[in-house]
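Asks: Before I ask anything, let me first share the structure, which is written out below as C-alpha cells.
In full-length UniProt numbering, the protein residues as written are 1 to 104.
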C-alpha cells in the first residue's frame, strides 16, 4: 500500500499574527488525529514568517478525504486568516510503504 506525504509551505502575513497562528495548531492537530489514515504531522518554522507543514497519511485516498474535511473546519478557516495566500505551495507525494534507503 502507498502512503502519502504532503508538504505545505506558506508564510504568515505578519509576525504579529504568530501567537494566534500557533495557538490554532493544537486544534488542527487534534482534528487530524481523529481522521482515518493519519500517521504523523510536523510543523517546521523556517524563518520568522515561513513555515512548512509535513503530514503523512496511510494512503493518498485517505489524505484526500481528510484534506477535504479539514478545509471546512472553523480552525482551518481561522488559520487561513493569518496566512499570505500568495505564498501557499503544496506538494503531495505518494510513497511506497516499503521504500527505504539501502546502503549495501
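By construction, the Cβ of each residue, glycine as well, lies at the ideal position given by its N, Cα and C atoms.
Since the structure is predicted, the reported quantities are computational estimates derived from the model, not experimental observations.
Scan the segment 32-102 and note each continuous alpha helix (DSSP H) run of 4 residues or more that stays entirely inside, going in chain order.
Replies: Within the segment 32-102, the complete alpha helix (DSSP H) segments of 4 residues or longer fall at 60-70, 74-80, listed in chain order.
Asks: Going by DSSP, what residue range makes up the beta strand (DSSP E) through residue 7?
Replies: In the DSSP annotation of this structure, the continuous segment of the beta strand (DSSP E) that includes residue 7 starts and ends at 2-12.
Asks: Expressed to the nearest angstrom, what Euclidean distance is found between the alpha-carbon atoms of residue 33 and residue 22?
Replies: 17 Å
Asks: Which same chain residues, not among the five before or five after residue 17, have their C-beta less than 6 Å away from its C-beta?
Replies: So the qualifying residues of the chain are 82.
Asks: For a quick check, are the C-beta atoms of residue 15 and residue 49 less than 8 Å apart?
Replies: Yes. Within cutoff.
Asks: Do you know how far the Cα of residue 13 is from the Cα of residue 53?
Replies: 17 Å
Asks: Which one of 67, 11, 57 has the shortest CA to CA distance from residue 44?
Replies: 11
Asks: Quick one: measure Cβ to Cβ for residue 70 and residue 76, integer angstroms, because I've assumed they're closer than 8 Å.
Replies: 5 Å
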